[in-house]
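Okay, structure first, notes after.
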Amino acid sequence: MTWLPALLFVSLLVRLHYYCSSAATTDTIAVNQTLEDGDLLLSGAKSYALGFFTPGNSTGKRYVGIWYRKIPERVVVWVANRNNPVNGTSGILSVDPTGNLVIHDRKTNTTVWNTSLSFPADKNTKPHSALLQETGNLVLYAASSQILWQSFDHPTNTLIASMKFGVDMKRGLDLSLTSWKSSDDPGTGEYSMRIEMKGKPQAYLFRESARVWRLGPWNGIRWSGVPEMTPNITPYTFTENGDEVTEEYRIKDPNIYTIVMLNETGTLNKILWQDEKWVGNWYYPNNDDCDSYDRCGPFGICNPYNEPGGFDCRCVTTGFEPESVSEWDRGDGRSGCRRSSPEQCGNGDGFLKLGNVKVPDTETAVLNSEMKGLEECEALCRKNCSCTGYAGNNVSDGGVVGCITWHGELRDMREFTKGGQDMYIRVSASELSGQSSKESKGHRRKWVAGVVVGVLVVAALILVAICLTMKRIKTGKKEVMIIKNEKIINSFEEGSSPITMGKYMDGEGTADVLIYDLNIIQAATDNFSLENKLGEGGFGCVYKGKMRNGEVVAVKRLTKSSDQGIEEFKNEVILIARLQHRNLVRLLGYCIEEGEKMLVYEYLPNKGLDTFLFENSHGTHLDWRKRFEIILGVAQGLLYLHQDSRLRIIHRDLKASNVLLDASMDPKISDFGMARIFGEEQVEDNTNRVVGTYGYMSPEYAMEGHFSAKSDVFSFGILLLEIVTGKKNKHKFNEHSLNLVGDVWNMWNEEKALDVVDPSLKDDESSSSYDVGEVLRCIHVGLLCAQPYPDDRPNMSEVVFMLSNETKLPPPNPLGFVFEPPKTDQFWSASTSAGNQSINCVSITAIKGR
327 MTWLPALLFV SLLVRLHYYC SSAATTDTIA VNQTLEDGDL LLSGAKSYAL
377 GFFTPGNSTG KRYVGIWYRK IPERVVVWVA NRNNPVNGTS GILSVDPTGN
427 LVIHDRKTNT TVWNTSLSFP ADKNTKPHSA LLQETGNLVL YAASSQILWQ
477 SFDHPTNTLI ASMKFGVDMK RGLDLSLTSW KSSDDPGTGE YSMRIEMKGK
527 PQAYLFRESA RVWRLGPWNG IRWSGVPEMT PNITPYTFTE NGDEVTEEYR
577 IKDPNIYTIV MLNETGTLNK ILWQDEKWVG NWYYPNNDDC DSYDRCGPFG
627 ICNPYNEPGG FDCRCVTTGF EPESVSEWDR GDGRSGCRRS SPEQCGNGDG
677 FLKLGNVKVP DTETAVLNSE MKGLEECEAL CRKNCSCTGY AGNNVSDGGV
727 VGCITWHGEL RDMREFTKGG QDMYIRVSAS ELSGQSSKES KGHRRKWVAG
777 VVVGVLVVAA LILVAICLTM KRIKTGKKEV MIIKNEKIIN SFEEGSSPIT
827 MGKYMDGEGT ADVLIYDLNI IQAATDNFSL ENKLGEGGFG CVYKGKMRNG
877 EVVAVKRLTK SSDQGIEEFK NEVILIARLQ HRNLVRLLGY CIEEGEKMLV
927 YEYLPNKGLD TFLFENSHGT HLDWRKRFEI ILGVAQGLLY LHQDSRLRII
977 HRDLKASNVL LDASMDPKIS DFGMARIFGE EQVEDNTNRV VGTYGYMSPE
1027 YAMEGHFSAK SDVFSFGILL LEIVTGKKNK HKFNEHSLNL VGDVWNMWNE
1077 EKALDVVDPS LKDDESSSSY DVGEVLRCIH VGLLCAQPYP DDRPNMSEVV
1127 FMLSNETKLP PPNPLGFVFE PPKTDQFWSA STSAGNQSIN CVSITAIKGR
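Everything in the sequence shown is counted per my numbering, starting at 327 for the first residue and increasing by one.
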């Protein structure tokens, strides 16, 4: 029996090990148990993990957080000690003898964080254990199973399924979101999203105390300012009673993870984990100015879908006029609108409908939840002369339950293409009768208008034909160039104005494009003088011009001898007439006369990005913060082209010189001469006419003529790396790398990525004036975008997400090859003879990643 003492000793060691480490192998921490740095607490089905982590590229700072366990990319959804990190790995998490959850730093013998609860003497209410639930909620239980504290009651920057957002009045809880300070610091940032209880409760995004964006009130389906919120994947529940005003969502498919995250830049993202990657569902504030809070002032409404060059503010309806015409002329709509004449309540006044809008700010609105139907709502508003408008409160079942009435100014309204609500505005009897008269007369006039228009069109065609014939006879060899495209219709009007208005027609409406007379362009540019010449490109020159009204413009004059010019010209007019985005250059009009083909753009005083990156005299003007904003702006502009615009457009010539900078140094993508429209289901296309800029063209496009959205992603990757390094991709590098991408790849492999950063960004030899984490993330994303194979590149929605959020990025694959420099100036001159139709005139050299 000599083995018995040894067996008992081993049994004792096993039991001690179990009790010391049980917290790391279960979902529970009992009183006096500890979770040490390096151990994990796992939920029941191991969907979530809790433990110590270091965010981003910070060093030494340790936080206790919760993240998805089954996803390879760590996305932290909750942080305990967000403002008080542990320095080093000396931290432990425990339920201490007082019953509180505590993070303790053993090295300094200090309490870093605790739940700060006090308990009565009753042993049944004292804490017993902390459990990480399968929902991702960390719960502190009493012996009676009563919940004493839970992480869901203390959100940080992320909402997950079953987690409530809002206000719990009964328990005195503010269930709001607050951004991180940066991707490296989860401390309380400057952005927050919370529900305000004044009037009809609604949600806002704040930057410190200033309102940045209003989500709007809940309308039974979604926040009225977020039309993309749909219950297809995540059904929403909104609770509004005397105890709480909260919103939460649930997941139908347990295999799909989804989060709503407020990032450090003030963007609210909803993302889903599908097909082994994070996919963006929606994000706000979006890419248009109409998301800015109170953009158009009282009784103003914002429409981001106006024609290019149009002001996005207008008064809500007839009977209102701008408060300050001069401010609106300058593009500032904050002063809003006022009634054109004093309102005379009760004298036949009524209501006009605004469809598909975000309803006004409900801070001073009145909610009556008992009413059923808009008729009752209208009657209630009509009885009160201070009532300026009304809308339904709950529109979830196709009908209307409850009524919201506004009293006083209507603020922060905007239009949507879909997903908005109907709003009814009080107007005077004269405006109402005028509107009704227009509608009733409209039907009777249709047949008359049809006949008249038909006669006028025929007469106009005959007149134009006569005029053209006479002009051809008179001018001899002069020609009038006409774009033979059914979507461009010239409409000539008599009058003294030197500009006539043309209409660009599409299937969904019209967009006005100005047609300038040649003499107006000549006068504006001083007959294309050298002093006004801004630059020269592949298809012509760009001139600065000043119109008679004082407006400064940029005129792109296509070279007459260019055999490619007319195609690019038609492309730019057709495409840009339908595009509206803050990061795209704005087309004002065009001119086709006497063999001239010219495009008139908004003037951007800071010229191209290449001027600031590659010319030493300008490079120091771009600090890292501005460079990062330019990177994000270009990415958002490309995302709009690829996904968010009415057309899906591939740019095909993205480069530094085609990114122009306005007076605020904000980027705008220009030059759509080589762009292509893709159909809804179209993924790629090919061409026998490869045109573009060497160094920015993707391998599949340069070698085989195949192009897709991923071709633009490749170009963006090159541009991103140029912005970080301040060097051209065609810069002369060492013998180990033929271009910038190869040089960055080599430095990345050698863990010397920061060596490629533009020296002008460094304050001195020992410090830098940039965010190291952001720079490394940008280099990483640039290498992912510059992958040689399209399938290995992210799409632009993924690029925007990766740049805007702290998430683990996949490693870039080795760059299998880089292009050699062209041997002659005829590099892109592919033979078009019958015997040789190949365009694959690119030589390559294999380079292996080290």
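For every residue, glycine included, the Cβ atom is placed at its ideal position computed from N, Cα and C.
- In the structure shown, Tyr1027 adopts helical secondary structure according to DSSP, grouped into three states.
- Judged by DSSP secondary structure, Lys433 falls outside any beta strand (DSSP E); it is assigned neither H nor E.
- Where Glu919 is concerned, there is no enclosing alpha helix (DSSP H), although the beta strand (DSSP E) around it starts and stops at Leu913 to Glu919.
- Under the three-state reduction of DSSP output, Val1098 falls in the helix class.
- Scanning its chain for C-beta atoms nearer than 6 angstroms, with the 5 sequence neighbours on each side dropped, one finds around Pro561 the residues Arg576, in chain order.
- Around the beta-carbon of Ala536, fewer than 16 other beta-carbon atoms lie within 10 Å, marking it exposed.
- The C-alpha of Ser384 lies about 58 angstroms from the C-alpha of Ala849.
- Our two residues, Tyr619 and Ile521, have alpha carbons roughly 15 angstroms apart in a direct line.
- Secondary structure at Ser652: helix, using DSSP grouped into helix, strand and coil.
- When DSSP states are grouped into helix, strand and coil, Leu736 belongs to the coil group.
- In the DSSP assignment, Leu706 falls outside any beta strand (DSSP E) and lies within the alpha helix (DSSP H) extending over Leu700 to Arg708.
- Inclusion of Gly915 and Leu856 in the CB contact set at 7 angstroms is not warranted, their separation being larger than that value.
- Here the C-alpha atom of Glu701 lies approximately 36 angstroms from the C-alpha atom of Leu501.
- DSSP lists Ile995 as the beta-bridge partner residues of Val985.
- Residue pairing for Asp494: DSSP places it in a beta bridge opposite Leu499 and Glu570.
- For the 7 angstroms CB-CB criterion, Leu466 and Pro481 do not form a contact.
- Here the C-alpha atom of Lys496 lies approximately 13 angstroms from the C-alpha atom of Thr565.
- The Cβ neighbour count for Ala456, taken over all protein chains shown within 10 Å, is at least 16; the residue is labelled buried.
- Within 10 angstroms of the beta-carbon of Asp617 lie 16 or more other beta-carbons, which makes it buried.
- Counting of Cβ neighbours within 10 angstroms places Lys433 among the exposed residues, the total staying below 16.
- In the three-state DSSP reduction, Asn858 falls in the helix class (H, G or I).
- Out of Val1101, Val605, Asn1131 and Pro1137, the CA that lies nearest to the CA of Leu1110 is found in Pro1137.
- Ile1105 carries a helical assignment under DSSP once its states are collapsed to helix, strand and coil.
- When Glu399, Ala371 and Gly370 are compared, the shortest CA-CA separation from Lys1134 is found for Glu399.
- Proximity of the segment 949 to 968 to the segment 1120 to 1131 meets the contact definition, three or more beta-carbon pairs being nearer than 8 angstroms.
- For Ser1041, there is no enclosing beta strand (DSSP E); the residue is part of the alpha helix (DSSP H) that begins and ends at Ala1035 to Thr1051.
- Contact between the segment 504 to 516 and the segment 672 to 692 is absent: fewer than 3 CB-CB pairs across the two stretches fall below 8 angstroms.
- Taking C-beta separations shorter than 6 angstroms and ignoring five residues to either side along the sequence, the partners of Trp544 in its chain run Phe564, following chain order.
- In the structure shown, Thr937 falls within a helical segment according to DSSP collapsed to helix, strand and coil.
- Residue environment analysis places Met555 among the buried positions, since at least 16 neighbouring C-beta atoms fall within 10 angstroms of its C-beta.
- By the neighbour-count criterion, in which 16 or more other beta carbons inside 10 Å mark a residue as buried, His947 falls on the exposed side.
- Runs of alpha helix (DSSP H) with 4 or more residues, each lying fully within the segment 583 to 657, are found at 651 to 655, listed in chain order.
- Collapsing the DSSP output to three states places Asn719 in a strand.
- When rounded, the separation of the alpha-carbon atoms in Leu1102 and Met697 is 57 angstroms.
- In the structure shown, Tyr1115 adopts coil according to DSSP, grouped into three states.
- Under the DSSP assignment, Phe1127 falls in the alpha helix (DSSP H) whose first and last residues are Met1122 to Ser1130.
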